[in-house]
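Student: Keeping their order, the protein sequence lines are chains A and B. Just so we're aligned, residue 0 is where the first sequence starts under numbering that gives the first Met the number 0, counting upward by one. Just so we're aligned, residue 0 is where the second sequence starts under numbering that gives the first Met the number 0, counting upward by one. Here a beta-carbon is modelled for each residue, glycine too, at the ideal position from N, C-alpha and C.
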Amino acid sequence: MNIKRIILLSVVTVFLAGVLSTVFSVQTGIASSFVFFLSGLGILHFNQLIISSTTSSIQFNDNRRNFDYLLFGSTYIWKYFPRDKINTGKNNKIKSFAFFKRSLYASYLILQRTFSYLKKGGTVIVTIDFGELNTTASDKMQFTDLLMLHPVTLGMVNAKFTKWHKMFPFIFYPFSSILYCYHLTKKNRIKSASTECNFMVPPPAAGSNNSNTHIKYIAGLIESIAGFNSERGLKTTIVCIVTDCWSELAIKKLAKTLNLQDSKLPIISIKEINELESLIR
Amino acid sequence: MPSLIVGTFQHKKYDSLKSIVSASIQSGYTGFDTAPSYGNEQDLGKAIKECTSEQSISRDKLFIIDKIDGWQMYQSNGKIAKYAEDSLKKLRIDYFDLLLIHWPFPDFFIQTWENFIELFKMAKAKSIGICNVNETHLRLLAEKTGFDPHVVQVERHPLRTENNLIQYNTTHNIVTQAYSPVCRMMEPLAGSDLLKNLEHKYQKNKGQIIMRWHIDTGSVPVFMTHKIDRLKEYAQIFDFKLDDYDINAISSLNQDYKIFLESIACPGF
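Set out below in structure tokens:
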């Protein structure tokens, strides 16, 4: 466990201890104040960490234009896709808007704001991680999603997001902030998909009835995204990330659902991140 | 319509805006462009009032352009008359010479355009138009309302020549206005050998050459400057003309580079 994780967990524990001691004992009020002060400093530190690491993701001050690809997706792509390696020199190959726990719904809204970065006839790559099906199929938005949206869009989706929310994400979004900080400090490990599958084992999320609902929802969103792109002369490619045999099943279900409406949409399965790199190179 | 328009984007302080307006009128400029999002309608109105009085210019000699912003379209669901009236009061005028939709927000721009047509019929705006569009938007406007804009204002410069749009507009008698007309003189324009050669040939600077290119290719530049000297320089572009070879050479610098990405300001563009 690294030092930043230890500090994060300590801050949260000390803060909670401070709250409890204040509630249950007036005599330790002074000690509690000190505890609050220390934990407040810790919270401000992590708040600043979140702001400094997430505002760089909002690259609206990026002067590069006419990318070949825009990439959307969630945690796996955000953590493992080496976009800086691909954009070498003056080569504006790919711009990524994948982010930690970003749902497909949030990705679609962000696409609507960022597609002008693409060259005419460019390609939108939508990655679906079936290992994070609940996140992918969620209609909830994180702080980092809301940061990317236009004020009119925020109004249309009824999202309350003021300057105070932007300045203090750790206070307004404490749980997702803690989770984000945890993932930020986690070491990168290349994930490889398991190929062995025991069909006698009860299906996990990817095989459940809940997942069927998620898959239909995802299919609907993909069709909206493909339609949106097509109207603007852009191409769409769906990249499904295989993390286990159950996600292979889910991908087949998705492909079947999509084929009912649009058989021209390329759907590619990948097990390793370098397969995505090869697709782009 | 004037051949050159003075833009006021990024003019936040009254004193500098007043000096630009004053110098503009003295140099022969009559066109001024603003928008609610620039935060300076009130200051521009005050500056114009004072300068026209000081220099004995009547209102009808000026060409004042304002816009309706995206948030106004959204909040009123396209029924923007109230916002237009507010802007008239701030600018201290009875009518706009040109009122523009600033960004074509997909869910609101048709309804907004319908309200623009009403304002035009009521003579609140002598002409109406739309910014930041392509031919698809214009065809949609024509199909849904039967009323073409008088003016289309887009980002246009040698790195983004928008030839298809210019052609469409010419065919449909729509005037094209070009904002960021010199693309902030960023590279590769600043270091362009072509433009350096043309500076020698015509004895004009790069900015003047590009502004003349706009005139010769059928667009009206809308430029912003804090420098009075720049105003005077650009007023000196009517004593020469680029020959066709040089016009084409400048146009060949096109790389479809946009400073302002449409979808950032207008999601779903």
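I need the straight-line Cα distance from A/L183 to B/L241, nearest angstrom please.
Tutor: Here residue 183 of chain A corresponds to residue number 184 of the first sequence, with the count starting at 1. Here residue 241 of chain B corresponds to residue number 242 of the second sequence, with the count starting at 1. Approximately 57 Å, taken between the alpha carbons.
Student: What does the Cβ neighbour count give for B/Y256, buried or exposed, with the cut at 16 atoms within 10 Å?
Tutor: If you number the second sequence from 1, residue 256 of chain B lands on position 257. Classification for B/Y256: buried.
Student: Who are the neighbours of B/K257 on chain A, taking C-beta pairs under 8 Å?
Tutor: As a working note, residue 257 of chain B is residue 258 in the second sequence. The answer, in chain order, is R64 and S115.
Student: Name, going along the chain, the residues of the stretch 115–133 of chain B whose beta-carbon falls closer than 8 Å to a beta-carbon of chain A.
Tutor: Flagged: no residues at all.
Student: Ordered along the chain, which non-local residues of its own chain (more than five positions away) have a Cβ less than 7 Å from that of B/K272?
Tutor: Missing from the structure shown is residue 272 of chain B; chain B here goes from 0 to 268 and no further.
Student: In three-state terms, what does DSSP make of B/D65?
Tutor: On the second sequence, position 66 is the one that residue 65 of chain B refers to. Of the three classes helix, strand and coil, the one that applies to B/D65 here is strand, per DSSP.
Student: Count the other CB atoms, across all protein chains shown, that sit within 10 Å of the CB of B/H225; report buried if there are 16 or more and exposed otherwise.
Tutor: As a position in the second sequence, residue 225 of chain B is number 226, starting the count at 1. With fewer than 16 other Cβ atoms within 10 Å, it is exposed.
Student: In chain order, what residues of the stretch 34–54 of chain B put their CB closer than 7 Å to some CB of chain A?
Tutor: Cβ contacts with chain A come from no residue of the stretch 34–54 of chain B.
Student: Just verifying my parser: in three-state terms, what is the DSSP assignment at B/I173?
Tutor: On the second sequence, residue 173 of chain B is found 174 positions in, with the first residue counted as 1. B/I173 falls in the coil class under three-state DSSP.
Student: Taking the runs of the beta strand (DSSP E) that are 3 residues or longer, which of them lie wholly in the stretch 23–108 of chain B?
Tutor: The stretch 23–108 of chain B contains these whole beta strand (DSSP E) runs: 30–32, 62–67 and 97–100.
Student: Please work out which residues of its chain come closer than 7 Å, Cβ to Cβ, to B/T29, disregarding the five sequence neighbours upstream and downstream, and give them in chain order.
Tutor: The count along the second sequence starts at 1 and reaches residue 29 of chain B at position 30. Same-chain partners within the cutoff: P1, K60, L61 and F62.
Student: Of all the residues that make up the stretch 85–99 of chain B, which are near chain A by a beta-carbon distance shorter than 7 Å?
Tutor: Correct list: empty, as no residue qualifies.
Student: Can you tell me which residues form a DSSP beta bridge with B/I19?
Tutor: In the second sequence, residue 19 of chain B corresponds to position 20, counting from 1. Partner(s): none; B/I19 has no beta bridge.
Student: Of the residues A/T236, A/L43, A/S210 and A/I221, which one's Cα is nearest the Cα of A/S246?
Tutor: The residue you call residue 246 of chain A lines up with position 247 of the first sequence. A/S246 has its Cα closest to that of A/S210, out of A/T236, A/L43, A/S210 and A/I221.
Student: Going by the CB atoms, is the gap between A/V238 and A/I250 shorter than 8 Å?
Tutor: Stepping through the first sequence from its first residue, residue 250 of chain A is reached at position 251. Stepping through the first sequence from its first residue, residue 238 of chain A is reached at position 239. No, the Cβ-Cβ distance between A/I250 and A/V238 is not below 8 Å.
Student: So if I threshold CB-CB distances at 7 Å, which residues from the stretch 154–181 of chain A count as touching chain B?
Tutor: Those residues of the stretch 154–181 of chain A that come within reach of chain B (Cβ to Cβ, closer than 7 Å) are G154.
Student: Note down, in chain order, all residues in the stretch 73–102 of chain A with a beta-carbon under 9 Å from any beta-carbon belonging to chain B.
Tutor: Listed by position along the chain: nothing, the set is empty.
Student: Using a Cβ cut-off of 9 Å, which residues of the stretch 222–251 of chain A contact any Cβ in chain B, in chain order?
Tutor: Taking 9 Å as the Cβ-Cβ cut-off against chain B, the residues of the stretch 222–251 of chain A that qualify are F227, E230 and R231.
Student: Pick out whichever of B/S75, B/D85, B/I116 and B/A83 has its Cα sitting closest to the Cα of B/F104.
Tutor: Mapped onto the second sequence, residue 104 of chain B falls at position 105. For B/F104, the nearest C-alpha among the options comes from B/S75.
Student: Tell me the start and end of each unbroken beta strand (DSSP E) in the stretch 211–266 of chain A that is at least 3 residues and wholly inside, in chain order.
Tutor: As far as the stretch 211–266 of chain A is concerned, its whole beta strand (DSSP E) runs of at least 3 residues are 234–240.
Student: How long is the line joining the alpha carbons of B/T169 and B/L140, rounded to whole angstroms?
Tutor: Along the second sequence, one-based indexing puts residue 169 of chain B at 170. Along the second sequence, one-based indexing puts residue 140 of chain B at 141. Approximately 16 Å, taken between the alpha carbons.
Student: Would you call the CB atoms of B/M210 and B/Y244 closer than 8 Å?
Tutor: In the second sequence, counting from the first residue as 1, residue 210 of chain B sits at position 211. In the second sequence, counting from the first residue as 1, residue 244 of chain B sits at position 245. It is not a contact, given that the beta carbons lie outside the stated cut-off.
Student: So, with DSSP's three-state summary, where would you put A/V125?
Tutor: Position 126 of the first sequence, counted from the start, is the residue given in the question as residue 125 of chain A. Residue state, collapsed to three classes: strand.
Student: At 4 residues or longer, and completely inside the stretch 148–186 of chain A: list those alpha helix (DSSP H) runs for me, N to C.
Tutor: Whole alpha helix (DSSP H) segments, 4+ residues: 150–155, 162–166, 168–171 and 173–184.
Student: Can you tell me whether A/M140 is buried or exposed, with buried defined as 16 or more other CB within 10 angstroms of its CB?
Tutor: Position 141 of the first sequence, counted from the start, is the residue given in the question as residue 140 of chain A. It counts as buried.
Student: I want to see whether chain A comes within less than 8 Å of B/G69, judged by CB atoms only; does it?
Tutor: For the purposes of this step, residue 69 of chain B is taken as residue 70 along the second sequence, with counting starting at 1. Chain A, which has a Cβ nearer than 8 Å to the Cβ of B/G69, makes this yes.
Student: Within 8 Å of any Cβ in chain B, is that where the Cβ of A/S53 sits?
Tutor: On the first sequence, position 54 is the one that residue 53 of chain A refers to. The sequence given here places Thr at residue 53 of chain A; Ser does not occur at that position. Closer than 8 Å: no.
Student: Under 7 Å Cβ to Cβ from A/R63, same chain only, skipping five residues before and after it: list those, please.
Tutor: Translated into positions along the first sequence, residue 63 of chain A becomes position 64. Around A/R63: N91.
Student: Using 8 Å as the threshold, is the stretch 212–227 of chain B in touch with the stretch 117–128 of chain B, meaning 3 or more CB pairs across them?
Tutor: With a cut-off of 8 Å, the stretch 117–128 of chain B and the stretch 212–227 of chain B do not count as touching, because too few Cβ pairs lie within range.
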